[in-house]
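Following this note's numbering, the numbering of the sequence shown begins with 550 at its first residue and continues without gaps. Just so you know, even glycine gets a beta-carbon here, dropped at the ideal spot from N, CA and C. All figures in this text were calculated on a predicted structure; none of them were measured in a lab. For reference, the structure discussed in these notes is given below.
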Amino acid sequence: MDRGRAAVFPLIEEVVENAKTHQILIGAGGGTRARHAYSVALDLDLPTGVLASIGCATSRQNARILQMLLAKHGGVYLNPEDFEKLPLYFRVGCIPVMVGMPPYEYWEKPSENGRIPENRTDSGVYLTGEFLGARSVIFVKDENGLYSDDPKRNKHARFIPRISAHELLAKDLNDLVIERVVLANMLKAVNVREIQIVNGLVRGNLTRALNGEHVGTVIYVA
């Protein structure tokens, strides 16, 4: 969303095309506005639960924007308590869009490393997929996948196409394209034992991932 029309519209077209053959549930992230909001909240010395509530609000804004852009193609906004409506939405050809942030808000547990909530939008998307028994959970980012370091700052960062959650946690990398708590949750998962991270700025990547191709980075639990 942060990159505007040039990035979002082609991706929306790809989602609409794939919704004809796949049941797609979209979880929206918070993006740059969430990071800015967290920064302000930290300056104000607000607790973790309040930061989580703020993060939920920014994610909700993006979810609403996406739903409005998808409305003419069947995009509907899905509240967390309305999961029982998903079969109906899919049956009539809708594309549900929901807040990526888990609904813990004020009840988010304090983090061991500061006051930023551990469970943010990546966590919420993964937990939703695990809860629903999704066939796949795909994270659409603005990077090609996982790197050994931030590729925007380190041109020598090594691309990692496939790695286990155990190994990735053991590496304890300084920069991760996905929230660490997702990896910890994967170790306890029953349904979703593999996730995929793709670059949504490259047209066709989402389609390939939905069709089961290895594009981007795959993180798995053996």
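Glycine 604 and threonine 581 have their alpha carbons spaced roughly 11 Å apart. Per the DSSP secondary-structure output, phenylalanine 632 pairs with nothing in a beta bridge. If you draw a 10 Å sphere on the C-beta of arginine 584, you find fewer than 16 other C-beta atoms in it, and that means exposed. Residue ranges of uninterrupted beta strand (DSSP E) with 3 or more members, entirely inside the stretch 662 to 698 and ordered along the chain, are 686 to 690. Judged by DSSP in its simplified three-state form, isoleucine 768 adopts strand. Per the C-alpha coordinates, the member of Val764, Asn740, Leu574, Leu755 positioned closest to lysine 634 is Leu574. Going by beta carbons, aspartate 671 and isoleucine 727 fall inside the 8 Å limit.
Between threonine 766 and leucine 681, the C-beta gap is not smaller than 8 Å, which leaves the two residues out of contact.
In this structure, the straight-line span from the alpha carbon of aspartate 724 to that of alanine 733 is close to 16 Å. Inter-segment contact for the stretch 743 to 754 and the stretch 675 to 690 is present: three or more beta-carbon pairs are separated by less than 8 Å.
Under the three-state reduction of DSSP, glutamine 616 is assigned to helix.
With respect to the 8 Å criterion, arginine 664 and leucine 591 are classified as neighbours on the basis of their beta carbons. Here alanine 577 is not near glycine 623, since their CB atoms are 8 Å or more apart.
Between proline 652 and threonine 597, the C-beta gap is not smaller than 8 Å, which leaves the two residues out of contact.
Pairing tyrosine 626 with serine 713 gives a Cβ-Cβ distance that is not under 8 Å. Apart from sequence neighbours up to five positions away, the residues of its chain that approach aspartate 551 with a beta-carbon distance below 6 Å are Gly580, Thr581, ordered along the chain. In the three-state reduction of the DSSP assignment, alanine 706 falls in the coil class. Arginine 554 carries a helical assignment under DSSP once its states are collapsed to helix, strand and coil.
Taking the C-beta atoms as reference points, arginine 752 is found nearer than 8 Å to glutamate 563.
In the assembly as shown, tyrosine 655 is an exposed residue. Its beta-carbon has fewer than 16 other beta-carbons within 10 Å. The continuous alpha helix (DSSP H) containing serine 588 extends over residues 580 to 592.
Assigned with DSSP and collapsed to three states, leucine 627 falls in strand. DSSP places alanine 568 in the coil class of the three-state scheme, outside both helix and strand.
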